[in-house]
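Heads up, the thing below is written out as structure tokens.
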Amino acid sequence: NAGVTQTPKFRVLKTGQSMTLLCAQDMNHEYMYWYRQDPGMGLRLIHYSVGEGTTAKGEVPDGYNVSRLKKQNFLLGLESAAPSQTSVYFCASTPGFGNTIYFGEGSWLTVV
Amino acid sequence: KQEVTQIPAALSVPEGENLVLNCSFTDSAIYNLQWFRQDPGKGLTSLLLIQSSQREQTSGRLNASLDKSSGRSTLYIAASQPGDSATYLCAVPYGGATNKLIFGTGTLLAVQP
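So the sequences go chain by chain: F and C.
The numbering of the first sequence is my numbering, which starts it at 1 and goes up by one.
The numbering of the second sequence is my numbering, which starts it at 113 and goes up by one.
Here it is in structure tokens:
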């Protein structure tokens with residue numbers, strides 16, 4: 001049982017480059033989330049989705065876009081990477097409100 | 113705005129000791145509280161989920177309690193082992209039925225053999 005899978009695990013980007021992080025879950029969960037984790041800042045919500053075809057902004061959405069075209073996948077895009085986006089990115093999913101939330105292993109992104 | 117705080121920020125104990133990790137939240141109108149474990153370089157693993165109607169949840173050597181009125185939760189770890197060394201995070205949902213989480217600052221636990 002794979003759970004929540006994130007790809008890639010590590011990436012180095014140059015400032016201004018674009019990339020997409022892929023999150024895939026095999027648990028048929030409705031809700032999916034993208035968080036970033038930074039030293040001293042903890043985990044902060046970037047974007048989330050409460051169902052296929054829906055997306056919404058979290059606390060720190062600037063510079064990111066997302067799409068949920070298929071229920072099992074949640075994509076996080078950086079159109080023009082900035083050094084401030086150097087972080088560890090975590091995807092998470094849950095069946096719905098009030099349920100346990102499951103996290104992926106993380107994607108380490110460095111923007112130089 | 114909900115704020116979640118964890119004390120202590122770091123804790124070092126000898127193997128075999130029982131220990132308590134604390135989590136405080138400012139808005140008591142929560143639906144549940146979740147405890148996670150994070151190993152270095154890894155994602156978060158859910159340990160326990162306590163619904164607002166519950167006072168305690170247990171899983172093996174772990175016991176979590178919730179006191180909404182005082183805005184506190186504790187995670188009790190019995191007979192600690194070196195394998196328990198990790199960062200422990202608590203989180204509460206906000207924003208209605210979207211299940212978005214706001215996380216505490218975490219407690220870094222080191223269990224010395």
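Glycine is no exception: its CB is placed at the ideal position from the N, C-alpha and C atoms.
| Asked | Found |
| --- | --- |
| Boundaries of the beta strand (DSSP E) in which Ile162/C is found, first to last residue | Leu156 to Gln163 |
| Limits of the unbroken beta strand (DSSP E) element including Leu75/F | Asn73 to Leu78 |
| Simplified DSSP state of Thr138/C, which is helix, strand or coil | coil |
| C-alpha distance - Trp219/C paired with Asp62/F, whole-angstrom precision | The identity of residue 219/C in the sequence shown is Thr, whereas the question assumes Trp. Cα to Cα, the separation comes out at about 29 Å. |
| Exposed unless 16 or more other CB atoms sit within 10 angstroms - verdict on Ile142/C | buried |
| Interfacial residues, the segment 137 to 151 of chain C to chain F, with Cβ spacing under 9 Å | Tyr143, Asn144, Gln146, Phe148 and Gln150 |
| Cross-strand partners of Ile119/C (DSSP beta bridge) | Asn134/C |
| Buried or exposed (CB count within 10 angstroms, at least 16 for buried), Ala191/C | exposed |
| Ile214/C to Gln114/C span [Cα, whole Å] | 8 Å |
| Cβ neighbours of Phe178/C in the same chain (closer than 7 Å, five flanking residues each side left out) | For clarity, residue 178/C is Leu in the given sequence; the question names Phe instead. Cβ neighbours of Leu178/C beyond the five flanking positions: Leu145, Ile162, Gln166, Arg167 and Ser185. |
| Residue from Leu123/C, Val116/C and Ala209/C with nearest C-alpha to Ile189/C | Leu123/C |
| First and last residue of the uninterrupted beta strand (DSSP E) at His47/F | Gly42 to Ser49 |
| Simplified DSSP assignment, three categories, for Thr20/F | strand |
| Chain F contact for Lys113/C (CB, 8 Å cutoff) | no |
| Cβ neighbours of Ala203/C in the same chain (closer than 6 Å, five flanking residues each side left out) | Gln146, Leu213 and Phe215 |
| C-beta neighbour in chain F for Gln166/C, strict 8 Å | no |
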